[in-house]
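Accompanying notes for the structure given below.
Protein chains in written order, with the working numbering: chain H, 8 to 264; chain R, 7 to 288.
Structure below.
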């Protein structure tokens, strides 16, 4: 029993050590040449543009559902006109960043882990190294830059379509006047909320990509190992996003408000 | 200054005939309790071939990975092209790898790149060579291995033998002086395997590449050791049985339990009375 615990703890410590090592190497490589510009552009396209549909759809329906739920509750207090305020604050400060991050974890986290894992088990990573290419520079840095930069952009778009989805429900189901809704949206927002909504995705994007790259590059055990890595990347990435959300929210609430 | 003169001396030594280009001195490696290499020492001479034989798990591929620093030895000294690689960092190793090509077991081609991009990968990505020059070199190399018509195909569209030959083309495109073949013919039918063997012989005899061939395919090992390539007056390349001196340039190493249990020429290996070797060769 104790041996099993000891083995688990050692394994966890090793994973943490390797994760930190990869992350530090990736950050160092981001600021030193050579940078594979072509790969960076490709990853911005794959991660940014490629994730647009799934992020916009989830944002739209989340905003709409939020308006529907809160509208009914607000009705009890005769506060239906402030539904816009509730939707915008919820989307920008919390739901937009977290849901976008979870969507990205499912879409790009799994993709990165599967791609890098396949490269590991087919010796392509070793081939890269033997050809004089640093896999961190070639594979991790472009994905890290794309994840870090595109997560806030995607989140902002998800926030906007979420608020728009809220307006559709508020206008046509809850019968709230459009002007009332949009003024309620802007009245309830402060600059600090926008900062919180933009800083969080930076952290989430960084976590999703670094975790997926770490898991992918440590794949072992053939195609079964690739499948396992994909699952681990999604699960670990999702848990990391939700856990980080709590701590970042606490930190930003202290610093910004 | 001192380092510069040392590098100059190493360069001068390496340019001479009979210079040692790879040297293993008492190299050891273990994974946890499993000893893979107990005590491995050998030298590869410039322009020669070293053929490493051994059962699965005897440490053949591990030795190649130590040369390219894909694995780091626990103990011992490894020299490659005049540089002591066991003391280098991954970053410092990049300059050694510039003159070192490796062909992996399954080819390890980049499956998202075309044959052309695979072959020219290092030149496209890691050098400042003009694109026209890279394209010219890629076509030259693909012509050498007879796959020019497949340049724009994806690796998944090629047969197993073609994939191995593309892997050889990728490794030779940047003109390394040492090539390491890790089970380059395993899993191939005898006819296809012979085409790969011919490439190994041609590179050694026509391009002067020093090579280490890891295999457990005896037929291919003896074929590479006992044949040579020659360009005829018409420019055509002929593969023929090696003459006496040429046959001496290919040396066998048999690994057993992480140790060398035989080192010698093809003829010496055939004549060996060692029971393990006899079983292995039978």
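All C-beta atoms, glycine included, are put in the ideal place defined by N, C-alpha and C.
Just so we're clear, the structure is a prediction, and the values are computed from it rather than from any experiment.
With respect to the 9 angstroms criterion, residue 236 of chain H and residue 121 of chain H are classified as neighbours on the basis of their beta carbons.
What residue 139 of chain H touches in chain R, judged by beta-carbon distance under 8 angstroms, is 100, 103, 104, 128, 132, going in chain order.
Following the DSSP letters along the chain, one finds residue 213 of chain R inside the alpha helix (DSSP H) bounded by residues 196 to 213. Residues of chain R whose Cβ lies closer than 8 angstroms to the Cβ of residue 129 of chain H are, in chain order, 112, 114, 117. In this structure, the CA atom of residue 100 of chain H is about 59 angstroms from the CA atom of residue 146 of chain R. One thing to note: residue 172 of chain H has its Cβ within 9 angstroms of the Cβ of residue 68 of chain H. Non-local C-beta neighbours of residue 140 of chain R in its own chain, meaning closer than 7 angstroms and more than five positions away in sequence, comprise 126, 129, 130, ordered along the chain. When the alpha-carbon of residue 261 of chain R is set against those of R:37, R:34, R:64, R:233, the nearest one is in R:64. Taking a Cβ-Cβ cut-off of 9 angstroms, residue 184 of chain H has no neighbours in chain R, whose nearest Cβ is about 53 angstroms from it. Closest option to residue 163 of chain R, judged by alpha-carbon separation, among R:115, R:144, R:143: R:115. The Cβ of residue 43 of chain H sits closer than 9 angstroms to at least one Cβ of chain R.
Proximity of the segment 241 to 261 of chain R to the segment 49 to 63 of chain R meets the contact definition, three or more beta-carbon pairs being nearer than 8 angstroms. Less than 9 angstroms separates the beta-carbon of residue 185 of chain R from that of residue 218 of chain R.
When the Cα atoms are used, residue 160 of chain H and residue 102 of chain H turn out to be separated by approximately 15 angstroms.
Secondary structure remark: continuous alpha helix (DSSP H) runs of at least 4 residues inside the segment 230 to 257 of chain R, in chain order: 250 to 254.
For residue 66 of chain R, the enclosing alpha helix (DSSP H) covers residues 66 to 73.
Per DSSP, the continuous alpha helix (DSSP H) segment holding residue 97 of chain H begins and ends at 90 to 97. Taking 9 angstroms as the Cβ-Cβ cut-off, the segment 74 to 85 of chain R approaches chain H at 74, 75, 76, given in chain order.
The closest CA to that of residue 22 of chain R, considering only R:124, R:137, R:252, R:52, is found on R:52.
Assignment of residue 199 of chain H by DSSP, reduced to helix, strand and coil, places it in the helix class. Residue 224 of chain R is positioned such that its CB atom lies closer than 9 angstroms to that of residue 286 of chain R.
Put simply, the segment 246 to 253 of chain H does not touch the segment 192 to 200 of chain H. Fewer than three CB pairs are less than 8 angstroms apart. Look at residue 97 of chain R: its C-beta is under 9 angstroms from a C-beta on chain H. DSSP places residue 131 of chain H outside any beta strand (DSSP E); the residue lies instead in the alpha helix (DSSP H), whose first and last residues are 131 to 137. Following the DSSP letters along the chain, one finds residue 30 of chain R inside the beta strand (DSSP E) bounded by residues 26 to 37. Neighbourhood of residue 108 of chain R in chain H, by CB distance below 9 angstroms: 133, 134, 137, 138, in chain order. Straight-line measurement puts the Cα of residue 118 of chain R at about 30 angstroms from the Cα of residue 208 of chain H. Counting every other CB atom within 10 Å of its CB across the protein chains shown gives residue 209 of chain R a total of 16 or more, marking it as buried. Cβ neighbours of residue 252 of chain R within its own chain (closer than 7 angstroms, five residues either side excluded): 234.
Going by DSSP, residue 219 of chain R is part of the beta strand (DSSP E) stretching over 216 to 220. Around the C-beta of residue 79 of chain R, 16 or more other C-beta atoms lie within 10 Å, and the residue is accordingly described as buried.
With contacts defined as CB atoms closer than 9 angstroms, residue 74 of chain H and residue 175 of chain H qualify as a contacting pair. Contact between residue 137 of chain H and residue 108 of chain R holds, with the beta-carbon distance rounding to 4 angstroms and staying under 8 angstroms. A Cβ-Cβ distance of about 6 angstroms is found for the pair residue 226 of chain H and residue 233 of chain H, placing them in contact under the 8 angstroms criterion. Shown here, residue 262 of chain R sits in a strand according to DSSP, grouped into three states. Residue 133 of chain R places its beta carbon less than 9 angstroms from that of residue 180 of chain R.
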